[in-house]
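Participant: Okay, handing you the structure first.
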Amino acid sequence: MDMLFSLMSPQVFLLSCMVALLAGVIKGMVGFAMPMILISGLSSLISPELALAGLILPTVLTNGWQALRQGHAAAWGSVKRFRVFLLVGLVALLISAQLVRVIPHWVMLLLIGGPVSVFSIIQLLGWQFRLPERGHGWVEAGIGGFAGFLGGMSGVWGPPTVLYLTALDTAKTEQMRIQGVIYGLGAVALFGAHIGSGVVRAETLPFSVALLVPALAGTWLGFQIQDRIDQVAFKKATLLILLIAALNLVRRALIG
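Under our numbering, the first residue of the sequence shown carries the number 1035, and numbering increases by one thereafter.
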């Protein structure tokens, strides 16, 4: 704890735990947005680099939990189904993680927030973009690469992934599992990549460990809510949270 409080005051740490609790609840409800909420909320309290280090372990464990709720066989089936997305995204993530100290933070936020805001508004207004189950390998590779590239720099790869799954009209339970698999594998890769980049190190790792308790507690609560909502409500909640998170990223990119 001494090392932890050398990085921040007890008051800032308490606020960080509250952010992690909220991120967990939203994560459990709709299957994503934990990195977006954590990087947005924590960056207003601490440096973006420390915020990025803090979100990594909560993201790994909550996604593993989410991916395995229906068992290992179902999770492995999701890996095989979305193997192109995962492989291309992994390569892009490992490359872009090394750019985290080079690309301006506002550029990174705008790249995520802008396209997602537009898509979410269009969907909420009633326009439905659909992709067929088969025959769109280049689309899958392109979106996977874009998601991985953003994820390596910011720890946030949820929006492009959610947009892709929404366009496939994926059922709620399956979408939750697939998101857990994709984000979980991405989070493990992110952890390794940022050990190499220096973001995760002995001084910052205790902060990520400390955020596990509120993040896991919030995720459990969110799962209880998610299990009780229907497909239509789930999709609307997903799009609304996407829109709010994306607009906040745009705001931070433009006005700080």
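Quick reminder that beta carbons are idealized off the backbone N, C-alpha and C, glycines included.
For a quick check, are the C-beta atoms of residue 1221 and residue 1128 less than 7 Å apart?
Facilitator: No, Cβ-Cβ distance for residue 1221 and residue 1128 is not below 7 Å.
Participant: With a CB to CB cut of under 7 Å and the five nearest residues on each side skipped, what residues in its chain are close to residue 1056?
Facilitator: Correct list, in chain order: 1071, 1252.
Participant: Rounded to the nearest angstrom, how far is the Cβ of residue 1215 from that of residue 1122, given a contact under 8 Å?
Facilitator: The pair is not a contact, with the Cβ atoms about 15 Å apart (cut-off 8 Å).
Participant: Contact defined as beta carbons within less than 8 Å: I believe residue 1058 pairs with residue 1256. What is the distance between those atoms, to the nearest angstrom?
Facilitator: The pair is a contact, with the Cβ atoms about 6 Å apart (cut-off 8 Å).
Participant: Within 10 angstroms of its Cβ, does residue 1080 collect 16 or more other Cβ (buried), or is it exposed?
Facilitator: The residue is buried, with at least 16 neighbouring Cβ atoms inside 10 Å.
Participant: According to DSSP, is residue 1183 part of a helix, a strand, or is it coil?
Facilitator: Three-state result, residue 1183: helix.
Participant: I want to see whether chain B comes within less than 7 Å of residue 1050, judged by CB atoms only; does it?
Facilitator: Absent from the structure is chain B; it holds one protein chain and no more.
Participant: What whole-angstrom Cβ distance do residue 1237 and residue 1076 have, given they're in contact under 8 Å?
Facilitator: Contact doesn't hold; Cβ gap of about 16 Å is too wide.
Participant: So the alpha helix (DSSP H) residue 1252 belongs to, where does it begin and stop?
Facilitator: Counting along the chain, the alpha helix (DSSP H) containing residue 1252 begins and ends at 1246 to 1260.
Participant: Please confirm whether residue 1249 and residue 1085 have their CB atoms less than 7 Å apart.
Facilitator: Result no, Cβ atoms of residue 1249 and residue 1085 do not sit closer than 7 Å.
Participant: Would residue 1159 be called buried (16 or more neighbouring beta carbons within 10 Å of its own) or exposed?
Facilitator: Counting Cβ neighbours within 10 Å, residue 1159 comes out exposed, since fewer than 16 surround it.
Participant: Taking C-alpha atoms, which residue in 1115, 1247, 1197, 1063 lies nearest to residue 1210?
Facilitator: The option with the nearest alpha carbon to residue 1210 is 1063.
Participant: Under three-state DSSP, which class holds residue 1147?
Facilitator: Residue 1147: helix per DSSP, three-state reduction.
Participant: Report buried or exposed for residue 1156, applying the criterion of at least 16 other Cβ atoms within 10 angstroms of its Cβ.
Facilitator: With fewer than 16 other Cβ atoms within 10 Å, it is exposed.
Participant: Residues in its own chain within less than 6 Å of residue 1126 by CB, not counting five upstream and five downstream?
Facilitator: Here the set comprises 1179, 1182, 1183.
Participant: Using 8 Å as the cut-off, can you tell me whether the segment 1146 to 1153 makes contact with the segment 1280 to 1287, which would need three or more C-beta pairs spanning the two stretches below that distance?
Facilitator: The segment 1146 to 1153 vs the segment 1280 to 1287: in contact.
Participant: Taking the straight line between their C-alpha atoms, what separation do you get for residue 1108 and residue 1289?
Facilitator: Going by the C-alpha atoms only, they are around 44 Å apart.
Participant: Using three-state DSSP, classify residue 1100 as helix, strand or coil.
Facilitator: Helix, per DSSP.
Participant: Under 7 Å between the Cβ atoms of residue 1225 and residue 1090?
Facilitator: Result yes, Cβ atoms of residue 1225 and residue 1090 sit closer than 7 Å.
Participant: Using 8 Å as the threshold, is the segment 1266 to 1281 in touch with the segment 1191 to 1210, meaning 3 or more CB pairs across them?
Facilitator: Cβ pair count under 8 Å is three or more, so yes.
Participant: Quick check on this structure: which residue in 1242, 1218, 1230, 1116 has the alpha carbon closest to the alpha carbon of residue 1066?
Facilitator: Residue 1218 is the option with its Cα nearest to residue 1066.
Participant: On a Cα-Cα basis, can you pick out the residue from 1095, 1087, 1049 that is closest to residue 1246?
Facilitator: Ranking the options by Cα distance to residue 1246, first place goes to 1095.
Participant: Could you tell me the alpha carbon to alpha carbon distance between residue 1154 and residue 1099, rounded to whole angstroms?
Facilitator: C-alpha separation (whole angstroms): 27 Å.
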